[in-house]
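Residue numbers (the numbering used here), protein chains in the order written: chain A, 47 to 391; chain B, 47 to 391. Every residue gets a Cβ at the ideal spot worked out from N, C-alpha and C, and that includes glycine. Right, one structure below, let's go through it.
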DNA sequence: ACATTTTTGATTTACGTACATCAAAAATTC
DNA sequence: GAATTTTTGATGTACGTAAATCAAAAATGT
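Right, here's the structure in full:
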């Protein structure tokens, strides 16, 4: 049987109350006595029964999730995962509030962070816009003992507790290698389509992609980045113009959202098969395009994993516990038409 | 506040004892009363506090993991993950026993299953060898109310409760597409290196790979399958002979283990760069080969995920609860040199 | 209407921890 | 060595559920 507080008390020759004082480091224990208790804990290999402790404490975790609004499929999927976590809140002792905020808008994000602050939650998860004033707002939350996890897009220099998202430089590099090898011997320029250079994840992907193309596939010319604001309508227009301008285009790397517009433009111009297209995030649209061959590969981050990881980390940080970073690493999924997961309800 | 059993009792106008009888379907409740209680449960949205229930029940889960012995790196990694789960057993209320068994040996596996049976565990996880007598042994476990999950390699027709592993046909197809596209315009035959056709996962991968190569890359000739028994020494010898026999070899798909031998042969014959090599499972060896360029892509299944998923499923099945299949799906990871995860301790 | 069976209520103990209170004992100060 | 402060013990209640016991009440059969 697992040792309990009673066993420690017996072993150390002290009362239950003293064991309790040591375990929850309450004051009023001489250091000699404390040592005795700690030795008993060590020799018995006692580990606190977290379930029983949480029951006794009536512990719960109020969290705020700040997510971009808009009709970006990936972000809506992310929100869906947060809502799924809310449905599990009873058994997980969490109380999650979602705060929507306009995309790519640092000012609005700062305001949302301050609103979150007022709710005095145990932790905040935020899809960050990379701006100094946002970092400042995050610092204020942390100085009040509120745990902060960045989600999907990171905010270095803000002192956030953790980043729940993929290594976007590695993702860009991976896209680069796939692009180089899939286009094989073909010449022709490569286009890069981004959402906005205001978010860290897009900048990082571009950096990784450009680096690999320059290092390993110097024969391919990289065209200037097109910013489509993750807006399907704008993206379609821009890609249409691109295809007319560059008739011998070999590939397109779409590192942001708005893939609906990209696919529409490719299919309307009949370029869907001749181009090598690599995109990000598995959504109903990108899935269909992958299946039909319009998109050749999709790099994905599993939104469900990210949300669950963010919650685990927020809980741990709120309790002052360590996080096993390796276990919380979010991997980059590569999907070809052959390894698409079964569609979910 | 979450409703408790007391709230249900009050709402339904019955005693706590009756609520308990309904919740744990004990006998001695008239159906009218049972209905009253169930309506109260539904209207209050009561969900049992699993932590408190497990505490009161002193619930624990004795499980047996049957794993192949030998120096197969992937299997040793898998065992490491099981041991990591054992270290967490205190907080997870599990008691895990590992039963080693010779690889690819149906008779030994049957015996191990019977030994596991005698221990009367709540569940068994097993890396299956695909043979009728093994399926029969699994059926016996299940008929005694012991949950059975197959791990890594499945056993269809055995009535196992769940398979914790990847879709190996899809994995083979993915390897096929990568092989076809990476070898690009090059002609030359493609070799397939397997461990043993006695295990389902290897057979499935071969099936998927062959199908894609035939459908989409008919120009490439597929050589007869080489079986290396996942033994590095044997594999090196076989691959060496292969390279001498087929000087214009375009690619090798290694769908089993024993990658050390494969890499050694490729590097000694100076074929490491000219060949497109695709292998399975990320181990220290395959990682190094990926980094150096000897291997072009590694398809991986995350052993840690598989073990954790198996445990979750075994727990759920032991409690007669439903499993969210979509959540327990193990994905196929594709690693290129660009998206290798950071090495762990 | 009686005996018999079935159903229900009331109550208690337990799981392992948290937390509070009050008294007793030990250590410290002057 | 008395007064004071600090440390420790003893004890009880709570968290939400499980499980058992025994008595009381209700339903059933004849």
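Identity of the residue in the options nearest residue i by Cα
i	options	result
residue 324 of chain B	B:342, B:231, B:307	B:342
residue 193 of chain A	A:180, A:340, A:208	A:208
residue 386 of chain A	B:53, B:154, B:80, B:212	B:212
residue 270 of chain A	A:292, A:276, A:278	A:292
residue 50 of chain B	B:92, B:60, B:83, B:72	B:92
residue 145 of chain A	A:138, A:383, A:165	A:165
residue 306 of chain B	B:336, B:148, B:170	B:336
residue 196 of chain B	B:284, B:368, B:359, B:289	B:359
residue 206 of chain A	A:187, A:66, A:158	A:187
residue 355 of chain B	B:243, B:370, B:282, B:283	B:370
residue 287 of chain A	A:183, A:330, A:252, A:317	A:317
residue 115 of chain A	A:147, A:54, A:315	A:147
residue 105 of chain A	A:362, A:374, A:375, A:368	A:362
Beta-carbon proximity check, residue i vs residue j, cutoff 9 Å
i	j	result
residue 48 of chain B	residue 216 of chain A	no
residue 201 of chain B	residue 172 of chain B	yes
residue 357 of chain B	residue 140 of chain B	yes
residue 273 of chain B	residue 303 of chain B	no
residue 299 of chain B	residue 231 of chain B	no
residue 110 of chain A	residue 175 of chain A	no
residue 266 of chain A	residue 301 of chain A	no
residue 295 of chain B	residue 237 of chain B	yes
residue 58 of chain B	residue 99 of chain B	no
residue 309 of chain B	residue 332 of chain B	yes
residue 365 of chain B	residue 258 of chain A	no
residue 381 of chain A	residue 241 of chain A	no
residue 377 of chain B	residue 379 of chain A	yes
residue 218 of chain A	residue 256 of chain A	yes
residue 152 of chain A	residue 180 of chain A	yes
residue 329 of chain B	residue 120 of chain B	yes
residue 138 of chain A	residue 130 of chain A	no
residue 239 of chain A	residue 285 of chain A	yes
residue 183 of chain B	residue 107 of chain B	no
residue 64 of chain A	residue 78 of chain A	no
residue 260 of chain B	residue 268 of chain B	yes
Beta-carbon separation (whole angstroms), residue i vs residue j, contact threshold 8 Å
i	j	result
residue 185 of chain A	residue 160 of chain A	The Cβ separation is near 12 Å, so there is no contact.
Separation of residue j from residue i, as counted between CA atoms
i	j	result
residue 97 of chain A	residue 94 of chain B	14 Å
residue 177 of chain B	residue 199 of chain B	12 Å
residue 372 of chain B	residue 351 of chain B	14 Å
residue 225 of chain B	residue 235 of chain B	11 Å
residue 62 of chain A	residue 52 of chain A	6 Å
residue 322 of chain A	residue 339 of chain A	10 Å
residue 191 of chain A	residue 74 of chain A	26 Å
residue 391 of chain A	residue 125 of chain A	Confidence in residue 391 of chain A is poor, its pLDDT being 49 and thus under 50, which makes the residue's placement unreliable; the coordinate value appears in the next sentence. Taking the straight line from one Cα to the other gives about 15 Å.
residue 81 of chain A	residue 68 of chain A	9 Å
residue 143 of chain A	residue 210 of chain A	18 Å
residue 276 of chain B	residue 113 of chain B	15 Å
residue 220 of chain A	residue 254 of chain A	8 Å
residue 281 of chain A	residue 123 of chain A	20 Å
residue 228 of chain B	residue 102 of chain A	59 Å
residue 76 of chain B	residue 170 of chain A	49 Å
residue 348 of chain B	residue 55 of chain A	42 Å
residue 389 of chain B	residue 389 of chain A	32 Å
residue 133 of chain B	residue 127 of chain B	10 Å
residue 374 of chain A	residue 233 of chain B	43 Å
residue 60 of chain A	residue 346 of chain B	52 Å
residue 368 of chain A	residue 243 of chain B	44 Å
residue 289 of chain B	residue 263 of chain B	22 Å
residue 214 of chain B	residue 117 of chain A	35 Å
residue 319 of chain A	residue 334 of chain A	14 Å
- Query: Where in the stretch 105 to 188 of chain A do unbroken runs of the alpha helix (DSSP H), each at least 4 residues long, occur, reported from the N-terminal end onward?
  - Reply: 119 to 133, 135 to 138, 152 to 164
- Within the stretch 239 to 312 of chain B, note down every full alpha helix (DSSP H) run reaching 4 residues or more, in order along the chain. 246 to 262, 278 to 291
- Entirely enclosed alpha helix (DSSP H) segments - the stretch 326 to 386 of chain A, minimum 4 residues: 330 to 338, 349 to 364
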